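Working notes, beginning with the structure itself.
4 protein chains.
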Amino acid sequence: MKRVDNFKSIIDQYEVVFFDAFGVIKTYAGLVRGIESTFDYLQQQKKEYYIVTNDASRSPEQLATAYHKLGLPAITQDRILSSGMLTKEYLDLKVDDGIVAYLGTENSAHYIESSGLHTIPVSEVNDDNIDKVNALIFLDDEGFDWSADLNKAVNLLRRRTIPAIVANTDHAYPLTIKDVSIAIGGLATMIENIVGKKFIRFGKPDSQMFMFAYDLVRSHSSVGKKDIVMVGDTLNTDILGGNKFGLDTVLVLSGNTRASDADTRITATGIVPTFICDSAVVDLGGFNF
Amino acid sequence: MKRVDNFKSIIDQYEVVFFDAFGVIKTYAGLVRGIESTFDYLQQQKKEYYIVTNDASRSPEQLATAYHKLGLPAITQDRILSSGMLTKEYLDLKVDDGIVAYLGTENSAHYIESSGLHTIPVSEVNDDNIDKVNALIFLDDEGFDWSADLNKAVNLLRRRTIPAIVANTDHAYPLTIKDVSIAIGGLATMIENIVGKKFIRFGKPDSQMFMFAYDLVRSHSSVGKKDIVMVGDTLNTDILGGNKFGLDTVLVLSGNTRASDADTRITATGIVPTFICDSAVVDLGGFNF
Amino acid sequence: MKRVDNFKSIIDQYEVVFFDAFGVIKTYAGLVRGIESTFDYLQQQKKEYYIVTNDASRSPEQLATAYHKLGLPAITQDRILSSGMLTKEYLDLKVDDGIVAYLGTENSAHYIESSGLHTIPVSEVNDDNIDKVNALIFLDDEGFDWSADLNKAVNLLRRRTIPAIVANTDHAYPLTIKDVSIAIGGLATMIENIVGKKFIRFGKPDSQMFMFAYDLVRSHSSVGKKDIVMVGDTLNTDILGGNKFGLDTVLVLSGNTRASDADTRITATGIVPTFICDSAVVDLGGFNF
Amino acid sequence: MKRVDNFKSIIDQYEVVFFDAFGVIKTYAGLVRGIESTFDYLQQQKKEYYIVTNDASRSPEQLATAYHKLGLPAITQDRILSSGMLTKEYLDLKVDDGIVAYLGTENSAHYIESSGLHTIPVSEVNDDNIDKVNALIFLDDEGFDWSADLNKAVNLLRRRTIPAIVANTDHAYPLTIKDVSIAIGGLATMIENIVGKKFIRFGKPDSQMFMFAYDLVRSHSSVGKKDIVMVGDTLNTDILGGNKFGLDTVLVLSGNTRASDADTRITATGIVPTFICDSAVVDLGGFNF
C-alpha cells in the first residue's frame, strides 16, 4: 500500500482506468472539484476509462446526460457500466416470457425491458396476473409505496418460485454531508431473510461486474488485468471487488472513507488497496504541457 | 417427544400453563374454535395460566379487552405478559430523562410511557430536539410512513449513540390464510445492519421474556420450572425459548407449524418439543363432569 | 456515560457488585495488580459481590481454588456463577436419561454430571451407543482432537435430533498479551452453521446468566436491579448483557477494551456503559482506615 | 423447470457442457455408474465439456490422473477448472513477493506456487519470518494440526494486514453414504468471524469460477452463454452460480440433492434449475448407433 500525492502518477502506470461514480467523480453536492482535469489528461494520454457503478436507477444514457449537465462531457454512454446492465443481460438470457415485476421508478424499469417480457410495478401484481410473473427485480428505493409494495413483494415470493434479482447491492447511500438513505439493496436483504430464499445480486464487489467491464475492454484492445486499475471510495465494494478480480486498486478519500480513519478501516477489514490518494483529481501543475 | 391426542392430559400434568397467543388461542380469523373449553377446564382445575406474547402493539389492558370482545373473558389483563412490558421495564430502569423516539402507533407508545420521559414518534424528531433523544424504540409496523421514518431512524442512530430497543422480535406475522406482513422486528434488523450497531431485543425466544412470567408466578406461589409447560405454534420462538429456560414444551399445529411438516422442521432445526398436540383445545367429551 | 477515577465511588453507590472474571480480576499474567483492595473494601462495607463468568471449563469449586492460589481468598465457591452452572441446570431439567456426549476436558465434564445421566467424550460415541446419546455439550476447546472429534460431533448431530448446548458463548479468548485462542463458542458456531440446527447458548450477554445471579442475590436479600452494578471489560458481553437486564454497568479498561479505542467502540456498537473506569481496583489512599 | 428422462436430450441442445465433479461424475464410492457413456457421446457428437470444481486439494493434473485410474480417460487435465486455479491466478496478479502461508497438504500447496513467492505451511510461520508473510491461503482440510494451526492462522491475521484467500467455498463434503466432513471453507468462515476481516473466496457459486471456464471456451470457439449448460447436484453452488452467470442449468439427483426432496428444496430456496434429470448418464439404448 503506497500513498500517492498526485493521481496523475497512477494514470501514468496503467492503460485503462475503472472509476466508481459516487464519492469519486461526484458527490451529493455535484462534481468532485477539479475532476475534469482527470478526464482531460486521460484523453490527452489516449488512455481508456470506464465508470463501473452500482447505480441501477437509470439507464447509461440517462446517467451520461446527467454528467453532461454537470459539465463533464467526457463521460459518454458507452463508457458507463452499471449493475442494471447485468440485470438486463440476466433477463435476456434467463427469462423467456411472461411478466417481470419490479420495485423502483418507471425510469429504472424502462431500461431493463427486454423483448418478449412485460414489465409492471409490484403494485400492479394481482390475482389475475400473478401466475404469469416470472421474475422480481429490485431496482431502486424510489417510485413505490414502501409499506404496501414491500409487503406485496414478500407475498409474491411466497406464492411464486421465481428468481429475485437485486440490481444494486448497496444497503445505503449518502444523501447529504450528514445523512444517508436506505438503498434498495438493504430493503432486498430484509425481504430475502423473511422469505428465506436466495436472491441474485449484481454489483460490486461481485466479480460479474468487473468481468462485464473487462469483456468490454478486451473487445477492442488486448490489455490484461495487470494494465487496469480500479479507483473507488469504498473498501467493501470497489477495493474488495477490484482486488479479488486481480486488478490493482486505488482508495480515494473524497467519499465514504475519510482520511482520518482510512488506516483503521483497512486494518480492521483486511481490505488493502494498492494505492491511497486524496482524490482522483489530476494536478497538472502550471507547466505540465 | 410424545404425540398427545387431548390437550387435557397435558394440563393434568402441570401446575401452570404459559400460552403463546397467535396461532394457539387466536388466528387472523378469530378465536381458535373450541379454545374456551381449555380455559374453563383450567379454572375448574384451579391451574394458573398466562399469555406470553411478542405483541407490543397494545397494552395488556387493550389486549385483554380484545379477547373479551372475541368471547374469551378468562384472559384478563393481569395474565398477559408482553415484550412491550419488558421494554417499559427497560426504560424505567435505564433511561432517566429526555425524549424516547418510537416507530409504531400512538397506542403502542402510550403504553410504554414512563414518568420523566417524553415520548414522540420518529417523525417529530428534528434538529431542535434530537440532542435530547435518549432511546429509540421499535414498537409496531403500523402508525408511521415507512420510507420517511425508517430513513429518519437510520440517521437518528448515526448521530446519537443511544440504545435502540426492539419490542417485538418477530420478522413477519400472518395476515390471512395465505399472506404475511413484515413485522417491526424485520424492519429493525434491516436498520441494525445498516447502522452497524447492536440493538436490544425483547421477546421470545429470549429468556428474559420467560423469566418475567416466571417471576410473576413465583410472586404468589412456590412452583418450580418442572411444574410449568409452555404451549406454542412456533419452533423458533415458543419451543426454543421454553426449552432453553428449562420448561417442558408443547408444539400445537393450529398456527405457523402445519401437521404435514412438523416432523421435517423438528429434524431440520433440532428444536424438539416435549409434546406435539393438534391444538390447545381441551376435549372434555360428553361425560367428563 | 461518566468517567470515574476511583472504582471506590462506584461501590459506594450500589449494594451488590457483579464482576466479570477475565480482564477485570485476572489476566493471562495473573491477578490484576491491586485488585485485592477492592474485595477488602467490599467486605469492610458489607457489600455483596459475585463473579459472573462464561468459563465452563471448571467447576466453581475449582475456579475458587485457583483464585485462592493467586492470593485472593475473598472469592469463594458460592460467589461464582458460571455458564457451566446453567448447562448443568438445563441437563437436570430437560434431559432425563441416557448419554450426554461432550467436547472438553474431563474436568469440565465431571462438573456437569447429573444423576441418571452418563457422560462420555464425543470420541467414545460409536454405533453401539449413539442411539442413547440425548444431548451434546460444548464445554471447552481443550481435551479433545479437533479434527477427529469436531467431525464426529457434526455427524452425531446429523444422525440424532438432540439438543446441542454451548456452555461458553465466547468465540475467542486472550492467551498472551499478543495472541488469542479460538474458544469452544467459535467451534460450536461453525458446527451449527454446517448442520443447520439451532443450538442453545448459555453465557453473557444472554439474560439467563444475569437472572441466575439475580435469583441468588434475591434468595437472601431484598435488593432490586437498581441496587446492582455489572463490571466488565467487554462491550458485547458484560455491558450489553448487563444493560439489557436493566443493571447499571461499568466498563473497565484492564482487559479486552483498551483506553485508546473505548470511545470509538462505544460509538461504533452503540453499547453504552453507565460508567468507564481504568480498572476495578479501589484506591483507598494513605489514610482511609 | 422441465424433468428430463435421458441426459442425452440435454447434450443435444447445447454446444458446451460444464460438469460439477462430486455427485455428478463421481461419488465417495467411485465413478457414477454408466457415466462413461456420457463422455463417449460428447466426443462422438464433437461437443465440448469441462469439469468446473471447487476442489483445490490437488492440481488439475493430479485430478485428471485420478479420473484415469477410475477408468475415465476422457477427463484430461486441460478440461478441469478448479477454484485452486483462481487462487493461483490471484497470487500471480496480486502478490509480488514474500511468503505465502497455507493450510492444506503439501500437494495442494505445490500447485499454487508462483514465481517469486515462497510457500510455507502455517505451522512454519514464526517470529523471524512473519513480517514477510504476504498472504494466507485456505486450501484443504487435511495436512495440518487443526488445533495448533487454526489458532496460528488466527493470530497471523491479527498481526498482519494481508489478504486471506479461501480456495474452496464448500463448508462440508460427503465422506460416506452417511457421513460428511468439515471442509476448509467451513474452517475459514469460523476464522473470518473471529478476526472480523473480509476474506476472498474462490469457487462456485461465485461468478469468477464460471467466467474462468467461459473465457477458456471462448479462447478457441465463438459460443455464447446460450450455448452452454451447467450440470450439478447442488442448488446453492452449481445451480445458483450457473443461473446467475446466465447459463441454463441441470440439477442431477445422483449427489447432494435427493429425488425425494428436490422439489421441496427448490421451492424453499427459490433456486430453479432449467432441467431436472436423475443423473448425467446418457442412455444410448440398444440401437442408437
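Protein chains in written order, with my numbering: chain A, 1 to 289; chain U, 290 to 578; chain X, 579 to 867; chain R, 868 to 1156.
Beta carbons are placed, not taken as given, at the ideal position from N, Cα and C, and that holds for glycine.
All of these numbers come straight from a predicted model, not from anything done at the bench.
CB contact check: Ser207 (chain A) to chain R, cutoff 9 Å: Along the first sequence, one-based indexing puts residue 207 (chain A) at 207. Yes, because at least one Cβ of chain R sits closer than 9 Å to the Cβ of Ser207 (chain A).
Minimum Cβ-Cβ distance from Met768 (chain X) to chain R less than 9 Å: What you label residue 768 (chain X) is simply residue 190 of the third sequence in a count that begins at 1. Yes, Met768 (chain X) counts as interfacial toward chain R.
Same chain, Cβ closer than 8 Å to Ala172 (chain A), neighbours up to 5 away in sequence not counted: The sequence position of residue 172 (chain A) within the first sequence is 172, counting from 1. Same-chain partners within the cutoff: Val180, Ser181, Ile182, Ala183 and Gly186.
Chain-order list of residues whose beta-carbon lies under 7 Å from that of Leu150 (chain A) (same chain, five-residue window excluded): Here residue 150 (chain A) is taken as the residue at index 150 of the first sequence, counted from 1. Answer for Leu150 (chain A): Leu187 and Ile191, listed in chain order.
Own chain, CB closer than 6 Å to Thr902 (chain R), minus 5 neighbours either side, in chain order: The residue you call residue 902 (chain R) lines up with position 35 of the fourth sequence. According to the sequence provided, residue 902 (chain R) is Ile. The question's Thr does not apply to it. Cβ within range, chain order: Ile892 and Val1148.
Proximal residues of chain X, C-beta to C-beta of Gly1137 (chain R) below 9 Å: The sequence position of residue 1137 (chain R) within the fourth sequence is 270, counting from 1. Within chain X, no residue comes near Gly1137 (chain R); the closest Cβ sits about 17 Å away, beyond 9 Å.
Leu717 (chain X) - DSSP class collapsed to helix/strand/coil: Your numbering for residue 717 (chain X) matches position 139 in the third sequence. Of the three classes helix, strand and coil, the one that applies to Leu717 (chain X) here is coil, per DSSP.
Where Leu240 (chain A) meets chain R, residues with beta-carbon distance less than 9 Å: Indexing the first sequence from 1 puts residue 240 (chain A) at position 240. Residues of chain R passing the Cβ test: Lys1065 and Ile1067.
Collapsed DSSP secondary structure at Leu117 (chain A) in the structure displayed: Position 117 of the first sequence, counted from the start, is the residue given in the question as residue 117 (chain A). Of the three classes helix, strand and coil, the one that applies to Leu117 (chain A) here is strand, per DSSP.
Contact list for Lys961 (chain R) against chain A, beta-carbon separation under 7 Å: Residue numbering aside, residue 961 (chain R) sits at position 94 when the fourth sequence is read from its first letter. Under the 7 Å cutoff, chain A gives Asn243 and Gly246.
Nearest-angstrom Cβ-Cβ length linking Ala931 (chain R) and Gln910 (chain R), presumed shorter than 8 Å: Counting from one through the fourth sequence, the residue named residue 931 (chain R) turns up at place 64. Counting from one through the fourth sequence, the residue named residue 910 (chain R) turns up at place 43. So it is not a contact: roughly 16 Å between Cβ atoms.
Beta-carbon contacts of Thr558 (chain U) that lie in its chain and below 6 Å, excluding the five residues immediately before and after: Stepping through the second sequence from its first residue, residue 558 (chain U) is reached at position 269. Leu524.
Span of the beta strand (DSSP E) around Lys913 (chain R): The count along the fourth sequence starts at 1 and reaches residue 913 (chain R) at position 46. Note, Lys913 (chain R): premise wrong, no beta strand (DSSP E); not H, not E.
Within chain X, the residues that Tyr317 (chain U) reaches when beta carbons sit closer than 7 Å: As a working mapping, residue 317 (chain U) is identified with position 28 in the second sequence. Neighbours of Tyr317 (chain U) on chain X: none; closest Cβ ~27 Å, over 7 Å.
Reduced DSSP category for Met579 (chain X) - H, G, I as helix; E, B as strand; rest coil: Sequence index remark: in the third sequence, residue 579 (chain X) carries index 1 (1-based). Of the three classes helix, strand and coil, the one that applies to Met579 (chain X) here is coil, per DSSP.
Beta-carbon gap between Ser397 (chain U) and Ala345 (chain U) smaller than 9 Å: In the second sequence, the residue the question calls residue 397 (chain U) occupies position 108. In the second sequence, the residue the question calls residue 345 (chain U) occupies position 56. Cβ distance < 9 Å, so Ser397 (chain U) and Ala345 (chain U) count as in contact.
Lys1093 (chain R): contacting residues in chain A (beta-carbon distance under 9 Å): Start at 1 with the first residue of the fourth sequence, and residue 1093 (chain R) comes out as number 226. Within 9 Å Cβ-Cβ: Leu93.
Contacting positions in the stretch 724-743 of chain X - beta carbon closer than 8 Å to chain U: Leu735, Thr739, Ile740, Pro741 and Ala742
Within-9 Å CB hit, Ile177 (chain A) to chain U: Mapped onto the first sequence, residue 177 (chain A) falls at position 177. Not an interface residue.
Ala548 (chain U) classed as buried or exposed, judged by whether at least 16 other C-beta atoms fall within 10 angstroms: Within the second sequence, residue 548 (chain U) is the residue found at index 259, counting from 1. Exposed, by the Cβ-count rule.
Of the residues U:Ile483, U:Lys377 and U:Phe328, the one placed nearest Gly405 (chain U), counting alpha carbons only: For the purposes of this step, residue 405 (chain U) is identified with residue 116 of the second sequence, where counting begins at 1. The residue with the shortest Cα to Cα distance from Gly405 (chain U) is U:Lys377.
Burial state of Thr1116 (chain R), where buried means 16 or more other Cβ atoms lie within 10 Å: Taking the first residue of the fourth sequence as 1, we reach residue 1116 (chain R) at position 249. Buried is the call here.
Inter-residue CB distance, Thr894 (chain R) and Ile266 (chain A) (contact presumed, cutoff 8 Å): As a first step, residue 894 (chain R) is located in the fourth sequence; it is residue number 27 there, counting from the start. As a first step, residue 266 (chain A) is located in the first sequence; it is residue number 266 there, counting from the start. The Cβ separation is near 44 Å, so there is no contact.
Assigned secondary structure, Thr847 (chain X) (DSSP; H/G/I helix, E/B strand, else coil): Residue numbering aside, residue 847 (chain X) sits at position 269 when the third sequence is read from its first letter. If DSSP states are grouped into helix, strand and coil, Thr847 (chain X) belongs with the helices.
Beta-bridge partners of Gly608 (chain X), as assigned by DSSP: Sequence index remark: in the third sequence, residue 608 (chain X) carries index 30 (1-based). Note: Gly608 (chain X) sits in a beta bridge opposite X:Thr605.
DSSP state of Ala742 (chain X) mapped onto helix, strand, coil: If you number the third sequence from 1, residue 742 (chain X) lands on position 164. Correct three-state label for Ala742 (chain X): strand.
Sequence-distant residues of the same chain with beta carbon closer than 7 Å to Ile528 (chain U), five excluded per side: Indexing the second sequence from 1 puts residue 528 (chain U) at position 239. So the qualifying residues of the chain are Gly521, Thr538, Leu540, Ile560 and Pro562.
Contact with chain U by His110 (chain A), beta-carbon distance below 9 Å: The residue given as residue 110 (chain A) occupies position 110 in the first sequence. False, the Cβ-Cβ gap to chain U never drops below 9 Å.
As assigned by DSSP and simplified to three states, the class of Thr643 (chain X): Position 65 of the third sequence, counting from 1, holds the residue named residue 643 (chain X). Thr643 (chain X) falls in the helix class under three-state DSSP.
Cβ neighbour criterion (16 or more within 10 Å) applied to Ile1044 (chain R): Within the fourth sequence, numbered from 1, the residue matching residue 1044 (chain R) stands at position 177. Exposed, because fewer than 16 other Cβ atoms sit within 10 Å of the Cβ of Ile1044 (chain R).
Beta-carbon separation (whole angstroms), Arg292 (chain U) vs Tyr339 (chain U), contact threshold 8 Å: Numbered from its first residue, the second sequence carries residue 292 (chain U) at position 3. Numbered from its first residue, the second sequence carries residue 339 (chain U) at position 50. Contact doesn't hold; Cβ gap of about 25 Å is too wide.
Proximal residues of chain R, C-beta to C-beta of Thr257 (chain A) below 7 Å: Locating residue 257 (chain A) in the first sequence gives position 257, where the first residue counts as 1. Under the 7 Å cutoff, chain R gives no residues; its nearest Cβ is about 14 Å from Thr257 (chain A).
Cutoff 8 Å; reference Ser207 (chain A); Cβ partners in own chain excluding five residues on either side: Within the first sequence, the letter at position 207 stands for residue 207 (chain A). Same-chain partners within the cutoff: Gly241, Lys244 and Phe245.
Sub-9 Å separation of Phe1069 (chain R) and Tyr934 (chain R) beta-carbons: Residue numbering aside, residue 1069 (chain R) sits at position 202 when the fourth sequence is read from its first letter. Residue numbering aside, residue 934 (chain R) sits at position 67 when the fourth sequence is read from its first letter. No, they are not a contact pair.
7 Å Cβ shell around Gly608 (chain X) - same chain, five flanking residues per side excluded: As a working mapping, residue 608 (chain X) is identified with position 30 in the third sequence. The answer, listed in chain order, is Leu648.
Cβ-Cβ distance between Leu1003 (chain R) and Ile1032 (chain R) below 9 Å: Sequence index remark: in the fourth sequence, residue 1003 (chain R) carries index 136 (1-based). Sequence index remark: in the fourth sequence, residue 1032 (chain R) carries index 165 (1-based). Contact: yes.
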